[in-house]
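Undergrad:
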Amino acid sequence: MGAGHGGTLVARYVPGSSAVHRLEPHLKLVSVLAFAVVVVSTPVHAPWAPVAYGGYLLAVLTAAAVAGVGPGRLARSLVVEVPFVAFAVLLPFVARGPQVEVLGLSVSQTGLAAGGGLLAKATLSILAATVLSATTEPRALLRGLERLRLPQALVQILMFMIRYADVVGGELQRMRVARESRGFRSGGLRGLRVMAATAGALFIRSYERGERVHLAMLSRGYTGRLPTGPAAVVDPRAWAVALTLPLAAAAVLLAGMLSG
Amino acid sequence: MLPGPPGRESLLQTVCNKVDDVHVPDGFLDVPTSVATGALAAGTVALALRKARTELDDRTAPLAGLTAAFVFAGQMMNFPLPGLPVSGHLIGAVLTAVLVGPWTAVLCMTVVLLVQAVLFADGGLTALGTNVFLMALLAVVVGYGLFRGLVAVLPRTRAGVLTATGIAAFASVPAAALTFVGLFEVGGTVDVPLGTVVAAMAGVHALIAIGEAAITVAVVGAVLAVRPDLVHGAAGLRRGVELQRRPTEPAGALR
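Chains A and B, in that order, are what the protein sequence lines are. Residue numbering for the first sequence follows our numbering, starting at 1 and increasing by one per position. Residue numbering for the second sequence follows our numbering, starting at 1001 and increasing by one per position.
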């Protein structure tokens, strides 16, 4: 493994020592979740909604700046949103309700607000989640989830998945090199069959690797539980730092509600 | 992403992949709907954690983890689809259920969705329950239920199992998509005429479902050919080897 341990998954992590990096992982998880809840609960049709979105955006961009997450990284993370852009653009044309004229087109007013709202909410949550994944190692995230009382069995499955995702991915990559060095051209029924054989072999290899991992763990005294160190005591100040983002968002929401 | 050289092409590929692997983002459904689907998802995952032990006993954690890693990698593979200009890619709910059993499949899909939400910001955190409900729960329950039903009626052959797999994989995609439309109607944040959404979703997802079915059948077929013992859904095909009578020549006849 030339790329070292954990290629794809760890590639999401941007090393650093900012205040955000140093926060306990479960605090960051709570913070991002709370931020998403505030963003989601903003009423779409309120006249002040666009201003509120601007406020949230400012808050999350400030967090990104403090964490040292660059604009390129943030922009790339928005790729996941692409299908919803199409949906949001379509909404003003298909939604019911009173019509308004925009650029000579007659569109639904509620659809316009809703489409814009959907897009804004999804974007804001993705940005916040990107700051989280860029400042927290997968292993630390796992620790955070465990601390938030995710069932131990699920944590273990997650741990094995994160640990082996790159091993399995590397295997797939080597199969691709082997396939192409034998002159494989994608396409047609034959191509589907070759790719299916690849996926089938990948499944068998992954499953058998799972069996070997299990035996290796048994021989090291695995009893079904993984030992974890004592949980570190969290400084109240760390909570205060972590909750700055959702509290700022909540302040924006409250201000909007009071003014509206 | 995993396979393929980094650069412009892989970004384009990612975009294409995303189009047919849509996760519900934050703010798409209202709070009661999100909470209700989330509670349903949490309950089922808790049940699956217990039931998966009957499928995998104490090997649950490593085997489900490695299978989840396989699903994660498999979702990034691009399969050429004969006769179609686009390449398909796998969602994998029915594939996983047929290969390792439904309860383990629920856990694997849940874990994959969790990693995608937390590490890749793909699918909102507040919509995680909805995503698990649609893709880990509904797709597996509908798909595997249909698969079991069909296996019971169809002849107990390789072709029978593969037919059942194909139909189940095909049905799982529109089932999840139409349930999403239903959720959107109940708890959507926008007032859209139901017919429009159904038509749009049905058209696109029929195509995706054909791809999903073709890939699932091909992969299950490939595993059946090599290690039929690893296919949970084909346990009925396994037979004990009959003791064969092979009369030997008397020792003297060797000379």
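C-beta: ideal position from N, C-alpha, C; glycine also.
Please list the residues of the segment 187-218 of chain A that have a C-beta atom closer than 8 Å to any C-beta atom in chain B, keeping them in chain order.
TA: 187, 188, 189, 191, 192, 193, 195, 196, 197, 198, 199, 200, 201, 202, 203, 204, 206, 207, 209, 210, 211, 213, 214, 217
Undergrad: Quick check: the Cα distance between residue 1236 of chain B and residue 1092 of chain B, rounded to an integer number of angstroms?
TA: Here residue 1236 of chain B is taken as the residue at index 236 of the second sequence, counted from 1. Here residue 1092 of chain B is taken as the residue at index 92 of the second sequence, counted from 1. So the two alpha carbons sit approximately 22 Å from each other.
Undergrad: Could you give the DSSP three-state label for residue 31 of chain A: helix, strand or coil?
TA: Walking along the first sequence from the start, residue 31 of chain A turns up at place 31. Three-state result, residue 31 of chain A: helix.
Undergrad: Could you say if the segment 1140-1153 of chain B and the segment 1162-1176 of chain B meet the contact criterion of at least three C-beta pairs nearer than 8 Å?
TA: Here the segment 1140-1153 of chain B lies against the segment 1162-1176 of chain B, with 3 or more beta-carbon pairs under 8 Å apart.
Undergrad: For residue 1077 of chain B and residue 1113 of chain B, which I take to be in contact (beta-carbon distance under 8 Å), what is that distance rounded to the nearest angstrom?
TA: Here residue 1077 of chain B is taken as the residue at index 77 of the second sequence, counted from 1. Here residue 1113 of chain B is taken as the residue at index 113 of the second sequence, counted from 1. No, residue 1077 of chain B and residue 1113 of chain B are not in contact; Cβ-Cβ is about 18 Å, not under 8 Å.
Undergrad: The alpha helix (DSSP H) with residue 1131 of chain B in it runs from where to where?
TA: Taking the second sequence and counting its residues from 1, one reaches residue 1131 of chain B at position 131. Counting along the chain, the alpha helix (DSSP H) containing residue 1131 of chain B begins and ends at 1128-1131.
Undergrad: Just the Cα atoms here: how many angstroms apart are residue 5 of chain A and residue 168 of chain A?
TA: By 1-based counting over the first sequence, the position of residue 5 of chain A is 5. By 1-based counting over the first sequence, the position of residue 168 of chain A is 168. Only weak support exists for where residue 5 of chain A lies, its pLDDT of 46 falling under 50; the value from the coordinates is given anyway. Whole-angstrom Cα-Cα distance: 12 Å.
Undergrad: State the Cα-Cα distance for the pair residue 1249 of chain B and residue 1157 of chain B, rounded to the nearest angstrom.
TA: To locate residue 1249 of chain B, count along the second sequence from 1; it is residue 249. To locate residue 1157 of chain B, count along the second sequence from 1; it is residue 157. So the two alpha carbons sit approximately 37 Å from each other.
Undergrad: Give me the residue from A/188, A/59, A/25 with the minimum Cα distance to residue 232 of chain A.
TA: Counted from its first residue, the first sequence places residue 232 of chain A at position 232. It is A/25 whose Cα lies nearest to the Cα of residue 232 of chain A.
Undergrad: Answer with yes or no whether the minimum CB distance from residue 156 of chain A to chain B is below 8 Å.
TA: Taking the first residue of the first sequence as 1, we reach residue 156 of chain A at position 156. Yes, residue 156 of chain A counts as interfacial toward chain B.
Undergrad: Considering only residues of the segment 1036-1116 of chain B, which uninterrupted alpha helix (DSSP H) runs meet the minimum length of 4 residues and lie entirely inside it, listed in chain order?
TA: Counting only runs of 4 or more, we get 1060-1074, 1093-1100.
Undergrad: Could you pull the DSSP bridge partners for residue 218 of chain A from this structure?
TA: Here residue 218 of chain A corresponds to residue number 218 of the first sequence, with the count starting at 1. DSSP, once it has assigned bridges, lists no residue as partnering residue 218 of chain A.
Undergrad: Closest Cβ-Cβ distance between residue 1099 of chain B and chain A: below 8 Å?
TA: By 1-based counting over the second sequence, the position of residue 1099 of chain B is 99. At a cut-off of 8 Å, the C-beta of residue 1099 of chain B has a neighbouring C-beta in chain A.
Undergrad: Can you tell me whether residue 1195 of chain B is buried or exposed, with buried defined as 16 or more other CB within 10 angstroms of its CB?
TA: On the second sequence, position 195 is the one that residue 1195 of chain B refers to. The residue is exposed, with fewer than 16 neighbouring Cβ atoms inside 10 Å.
Undergrad: Buried or exposed: where does residue 1122 of chain B fall if 16 or more other Cβ atoms within 10 Å of its Cβ makes it buried?
TA: The residue you call residue 1122 of chain B lines up with position 122 of the second sequence. Buried, because 16 or more other Cβ atoms sit within 10 Å of the Cβ of residue 1122 of chain B.
Undergrad: Using three-state DSSP, classify residue 226 of chain A as helix, strand or coil.
TA: The count along the first sequence starts at 1 and reaches residue 226 of chain A at position 226. Three-state result, residue 226 of chain A: coil.
Undergrad: Can you pull out the residues from the segment 1049-1070 of chain B whose beta carbon lies closer than 7 Å to at least one beta carbon of chain A?
TA: Correct list: 1049, 1058, 1059, 1060, 1061, 1062, 1063, 1064, 1065, 1066, 1067, 1068, 1069, 1070.
Undergrad: Could you compute how far the alpha carbon of residue 121 of chain A sits from the alpha carbon of residue 1069 of chain B?
TA: Along the first sequence, one-based indexing puts residue 121 of chain A at 121. Along the second sequence, one-based indexing puts residue 1069 of chain B at 69. For residue 121 of chain A and residue 1069 of chain B, the distance between alpha carbons rounds to 30 Å.
Undergrad: Please report the straight-line C-alpha distance between residue 1163 of chain B and residue 1199 of chain B, rounded to a whole angstrom.
TA: Stepping through the second sequence from its first residue, residue 1163 of chain B is reached at position 163. Stepping through the second sequence from its first residue, residue 1199 of chain B is reached at position 199. Those two C-alpha atoms are separated by around 27 Å.
Undergrad: Could you check if residue 259 of chain A is buried or exposed, using at least 16 other CB atoms within 10 Å of its CB as the buried criterion?
TA: Translated into the one-based positions of the first sequence, residue 259 of chain A becomes position 259. Looking at its Cβ environment, which holds fewer than 16 other Cβ atoms inside 10 Å, residue 259 of chain A is exposed.
Undergrad: Closest to residue 18 of chain A by CA distance: which of A/134, A/201, A/151, A/175 is it?
TA: Taking the first residue of the first sequence as 1, we reach residue 18 of chain A at position 18. When each option's Cα is compared against that of residue 18 of chain A, the closest is A/134.
Undergrad: Counting C-beta neighbours from all protein chains within 10 Å, is the total for residue 219 of chain A 16 or more, i.e. buried, or is it exposed?
TA: Here residue 219 of chain A refers to the residue found at position 219 when the first sequence is read from its first residue. Answer is exposed; the Cβ neighbour count stays below 16.
Undergrad: In the DSSP assignment, the alpha helix (DSSP H) including residue 239 of chain A goes from what residue to what residue?
TA: Numbered from 1 along the first sequence, position 239 holds the residue referred to as residue 239 of chain A. Per DSSP, residue 239 of chain A belongs to the alpha helix (DSSP H) from 236-242.
Undergrad: Could you compute how far the alpha carbon of residue 981 of chain B sits from the alpha carbon of residue 244 of chain A?
TA: Any answer about residue 981 of chain B is impossible in this case: the structure gives chain B only from 1001 up to 1255.
Undergrad: What are the start and end residues of the alpha helix (DSSP H) that includes residue 1029 of chain B?
TA: For the purposes of this step, residue 1029 of chain B is taken as the residue at position 29 of the second sequence. Here residue 1029 of chain B belongs to no alpha helix (DSSP H), and DSSP marks it neither H nor E.
Undergrad: Starting from residue 168 of chain A and walking both ways along the alpha helix (DSSP H), at which residues does that stretch end?
TA: Mapped onto the first sequence, residue 168 of chain A falls at position 168. Where residue 168 of chain A is concerned, the enclosing alpha helix (DSSP H) stretches over 152-181.
Undergrad: Beta-carbon within less than 7 Å of residue 148 of chain A's beta-carbon, same chain only, minus the 5 sequence neighbours each way: which residues are those?
TA: As a first step, residue 148 of chain A must be located in the first sequence, where it is residue number 148. Taken in chain order, the residues that qualify are 26, 29.
Undergrad: Could you spell out the range, first to last residue, of the alpha helix (DSSP H) harbouring residue 1153 of chain B?
TA: The sequence position of residue 1153 of chain B within the second sequence is 153, counting from 1. Looking at the DSSP string, the run of the alpha helix (DSSP H) that includes residue 1153 of chain B is 1139-1153.
Undergrad: If you reduce the DSSP assignment to three classes, tell me which class residue 12 of chain A lands in.
TA: For the purposes of this step, residue 12 of chain A is taken as the residue at position 12 of the first sequence. Residue 12 of chain A falls in the helix class under three-state DSSP.
Undergrad: By alpha-carbon positions, which one of B/1038, B/1025, B/1028, B/1079 ends up nearest to residue 1138 of chain B?
TA: Here residue 1138 of chain B refers to the residue found at position 138 of the second sequence. With distances taken between Cα atoms, residue 1138 of chain B lies closest to B/1038.
Undergrad: Closer than 9 Å by beta-carbon distance: list the chain B residues that pair up with residue 184 of chain A, in chain order.
TA: Numbered from its first residue, the first sequence carries residue 184 of chain A at position 184. Per Cβ cutoff of 9 Å: no residues; residue 184 of chain A is ~11 Å from chain B at best.
Undergrad: When the Cα atoms are used, what is the spatial distance from residue 75 of chain A to residue 1048 of chain B?
TA: Residue 75 of chain A sits at position 75 when you count from the first residue of the first sequence. Residue 1048 of chain B sits at position 48 when you count from the first residue of the second sequence. Straight-line Cα distance between these residues: approximately 37 Å.
Undergrad: Please report the straight-line C-alpha distance between residue 1004 of chain B and residue 235 of chain A, rounded to a whole angstrom.
TA: Translated into positions along the second sequence, residue 1004 of chain B becomes position 4. Translated into positions along the first sequence, residue 235 of chain A becomes position 235. In this prediction, residue 1004 of chain B scores a pLDDT of 40, lower than 50, which makes its location untrustworthy; no coordinate-derived value is stated.
Undergrad: For a test of the three-state rule: what should DSSP assign to residue 114 of chain A, helix, strand or coil?
TA: Start at 1 with the first residue of the first sequence, and residue 114 of chain A comes out as number 114. Residue state, collapsed to three classes: helix.
Undergrad: If we count the other Cβ atoms within 10 Å of its Cβ and call it buried at 16 or more, is residue 240 of chain A buried or exposed?
TA: Your numbering for residue 240 of chain A matches position 240 in the first sequence. Result: exposed.
Undergrad: Following the continuous alpha helix (DSSP H) through residue 77 of chain A, name the residue where it begins and the one where it ends.
TA: As a first step, residue 77 of chain A is located in the first sequence; it is residue number 77 there, counting from the start. Unbroken alpha helix (DSSP H) run through residue 77 of chain A: 71-77.
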